[in-house]
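These notes concern the structure reproduced below.
Chains as they are written, first to last, in the UniProt record's numbering: chain Z, 1 to 449; chain V, 1 to 449.
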């Protein structure tokens, strides 16, 4: 009762922030910027202190870029907007009736409008137990851990004498044939074929077996058939085994199950799916099976007045009634639209307009000189699409310094085949190879001595 | 018995590697390179996969550089020497009689000559319990953790309403007034005065209280009195409180004790001392009180034939009978000397020569435009010494790419006062401020609501 009275007191006193934005991804940042530009008080809450340029995260995981090159402090981005306050905190609960959120530090914040832009997380489709064995790729820590595990598979293989165990360690499976899976497979193939080729004495990294496993009949579901065929052909040229129409039914320590077959593997990477942040449901909205909350054309959560959802949190339909994909450009456009709309509503009382998505094109890369780019009828693949991919991504990087650095690293890598960020930073769970197999090896060595 | 027989069997079979080098720091790398140049088989063992450019580690800790810019994969550095094998592993035991080492993976390696170049670690002079509260700075992980803790103190202070608690959080103490402590204090002062100045709404980062605590009567013990006075004056101009002649006698959660006085602090950084790696003692050598092993002028461990120690592991005397300091240039010169000497001995039977150290000068920086550089009678401080410091450090960076990147970052920082690597990557122990004080704050807020 005391807590409730306190909350009501706050509301009566009009202490609620006009807009609380949750998440500083592509969507949330745009909302905060537009409202900041209009001088409207905003509190932006994020669990991290940095905005992450997710489309290039796989390059951190494969040692091509450093984490700091694709992450920008949120405070720096929003520094010029004095009405925007940034809070490093996490939303634990939403009370849509009282219009109040509770944060992990115990703090409570009242709001007039709440914008949920908290993105998505790796989803294992009900197999949560796979998360430890097949890491996903959503955060900087994920990328660093994947990079360490990836580089450690080669280190472990170099130390092992048993040829069977060595070939197990040098088998890498990527689950999921969307853009992330395709880009990861291509990048890991180039890492092992070119960058690491001369660095080891006992193993030949260029013989690494790399598998890309996809449940659907073809790669790159969001692209044309032609792009999918191009990606497959280019990956196979890099030595990647592409297995489409293959459902993963088991992941165990050092073991991957595909349609009943059990394969010994050294590393499994999960790029197969994401689920929406649970905040949409927490705000009282109805969600689809991947957790996205249903929204009105204005991006307002259906049935929760004053609450908006955008980016990966929202199930927003396009003109054909299909849900929009979880792309950076969708999130960015929604953020821009809602930010401007809220500013006009708060300042001038104007009604919100429905959101209309305008695709700027879809792009992914397979490796050196091999990209796909599609926009409406325009469908490109190969060298020019690869350049277009690089130009778009450099352009979209938030800070000017990052653009220069990333361009420099790419140019360097292009010329030398080197990768600058080959750091293994140990974590307990990645330090040692699976103990059972290794102990067996030591016994063999001992007996032979 | 079985194990012993196995070992003897290996030795009889002549399977021992001519030279095993432990540690890929400045000393170990030079030994491996010189032997590799001569085509002599070498196994280089290191716990990390990268060589770390330690003199710039404080810049990673203060968000100025990325980890990958000062770390280079050992395999890449030694790639061109086919006789050099790199093992990612850790030495657990040395048997100088059997001339054999045991690694963390259980593997055993015989050697003809063993080179110990495993460096030093943070030492708390018998106060091991301080390590959790006052992190040191020796590894990439240390630097990342310190960076996160440093940036989090500002984030926590921004969230707190109680002015006393806020000023506690915004008090940072650096223990140790050697080059690392001075450089850390200067860099943290510049971070809070310039880089973060406009990023917060509730706190003023430029009001951060920064203390540099040193037990001796003055800073920079390895430098002249003049340099020490210059450093103190420049630090004070940056707003750093310099406390010389002050012994730390207590470190508790949020609390620092200096000569009986208890100060509330938000962050304590330990830059006060290092102790040698314990491998010198493990090899049977006699050690001094900081764990360094006594060596002959040839760098051979006294009383352990065939075992050599260099860099921070060795207690090596100069012409005046004083132990050489733990500097990169000492380690590098020793590595070069021993590598060439061992190559000449193994190939041509030549006797080892005594090592003579030639100082290339001592340098440290206090902040923008403020460095000290001393070599023999030449003693510089100020703008030119600051440039000399930067030029020397860029020159010494191992990879060409790193030189370009670090130069670029420094130039960028010089012009914009920005720092590129302001990443907080959460660890459980750094995520929340000390709970007791924070809970008190929440109660206060609750009562006021």
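All C-beta atoms, glycine included, are put in the ideal place defined by N, C-alpha and C. On a predicted model such as this, the values are computed, not experimentally measured, just so you know.
### Task
May I have the straight-line CA-CA distance separating residue 428/Z from residue 149/Z, to the nearest angstrom?
The predicted position of residue 428/Z is uncertain, since its pLDDT is 43 and thus under 50; a value taken from the coordinates is nonetheless stated next. Rounded to whole angstroms, residue 428/Z to residue 149/Z spans 11 Å at the Cα level.
### Query
What three-state label does DSSP hand residue 53/V in the structure shown?
coil
### Message
Could you tell me the alpha carbon to alpha carbon distance between residue 242/V and residue 364/V, rounded to whole angstroms?
### Response
17 Å
### Message
Between residue 142/V and chain Z, is any beta-carbon pair separated by less than 8 Å?
### Response
no
### Query
So what does DSSP say about residue 345/V, is it helix, strand or coil?
helix
### Task
Report, in whole angstroms, the separation of the C-beta atoms of residue 296/V and residue 302/V, which I expect to be a contact under 8 Å.
6 Å
### Query
Would you report the Cα separation of residue 328/Z and residue 390/V, rounded to the nearest angstrom?
40 Å
### Query
In this structure, does DSSP put residue 374/Z in helix, strand or coil?
strand
### Message
Here's the rule I'm using: 16 or more other beta-carbon atoms within 10 Å means buried, otherwise exposed. How should residue 386/V be labelled?
### Response
buried
### Per DSSP, cross-strand counterpart(s) of residue 140/V
According to DSSP, residue 140/V bridges with nothing at all.
### Query
Looking at residue 177/V and residue 137/V, is the spacing between their C-beta atoms short of 8 Å?
no
### Interface flag, residue 418/V vs chain Z, CB-CB below 8 Å
yes
### Query
Which residue comes first and which comes last in the beta strand (DSSP E) that contains residue 269/V?
267 to 270
### Query
So is residue 428/V in contact with chain Z if we call contact Cβ pairs under 8 Å?
For residue 428/V, the predicted structure reports a pLDDT of 43, less than 50, and the residue's modelled location is therefore unreliable. The matter cannot be settled from this model.
### Message
Can you tell me where the beta strand (DSSP E) holding residue 94/V begins and where it ends?
### Response
91 to 95
### Task
Quick one: grab the DSSP three-state call for residue 101/Z.
strand
### Query
Got a sec? Which residues, its chain only, sit under 7 Å from residue 268/V by beta carbon, not counting five neighbours each side?
133, 134, 173, 175, 251 and 256
### For residue 73/V, three-class secondary structure by DSSP
strand
### Message
Can you confirm whether the segment 417 to 427 of chain Z touches the segment 48 to 55 of chain V when touching is taken to mean that 3 or more C-beta pairs between the two stretches lie within less than 8 Å?
### Response
yes
#### Entry: Exposure label - residue 54/V; buried when at least 16 CB within 10 Å
buried
### Task
Figure out for me which residue from 305/V, 359/V and 300/V has the closest Cα to the Cα of residue 319/V.
359/V
### Task
Provide the residue(s) that pair with residue 318/V in DSSP beta bridges, ordered along the chain.
Partner(s): none; residue 318/V has no beta bridge.
#### Entry: residue 422/Z in three-state terms, based on DSSP
coil
#### Entry: Distance, residue 207/V Cα to residue 168/V Cα
12 Å
### Proximity below 8 Å, CB of residue 157/V to CB of residue 147/V
no
### Task
Measuring alpha carbon to alpha carbon, tell me which of 325/V, 346/V, 334/V and 265/V ends up nearest residue 171/V.
265/V
### beta strand (DSSP E) segment containing residue 173/V, residue limits
171 to 175
### Query
Apart from the five residues just before and just after residue 392/V, which ones in its own chain have a Cβ nearer than 7 Å to its Cβ?
363
### Residue from 24/V, 17/V, 36/V and 25/V with nearest C-alpha to residue 341/V
36/V
### Query
In this structure, does DSSP put residue 357/V in helix, strand or coil?
coil
### Query
Can you list the residues of chain V that residue 85/Z reaches, using a CB-CB cut of under 7 Å?
201
### Task
With a threshold of 16 other CB atoms inside 10 Å of the CB of residue 153/V, please say whether the residue is buried or exposed.
buried
### Between the CA atoms of residue 253/Z and residue 435/Z - distance to the nearest angstrom
Confidence in residue 435/Z is poor, its pLDDT being 35 and thus under 50, which makes the residue's placement unreliable; the coordinate value appears in the next sentence. Each residue's alpha carbon lies about 10 Å from the other.
### Query
Where do the ends of the alpha helix (DSSP H) carrying residue 309/V lie?
That residue, residue 309/V, is in no alpha helix (DSSP H); its beta strand (DSSP E) goes 307 to 309.
### Task
Have a look at residue 350/Z and residue 305/Z and give me their C-alpha separation to the nearest angstrom.
16 Å
### Message
Counting only Cβ-Cβ distances shorter than 9 Å, please list the residues of the segment 61 to 72 of chain V near chain Z, keeping chain order.
### Response
63, 65, 66, 67, 68, 69, 71 and 72
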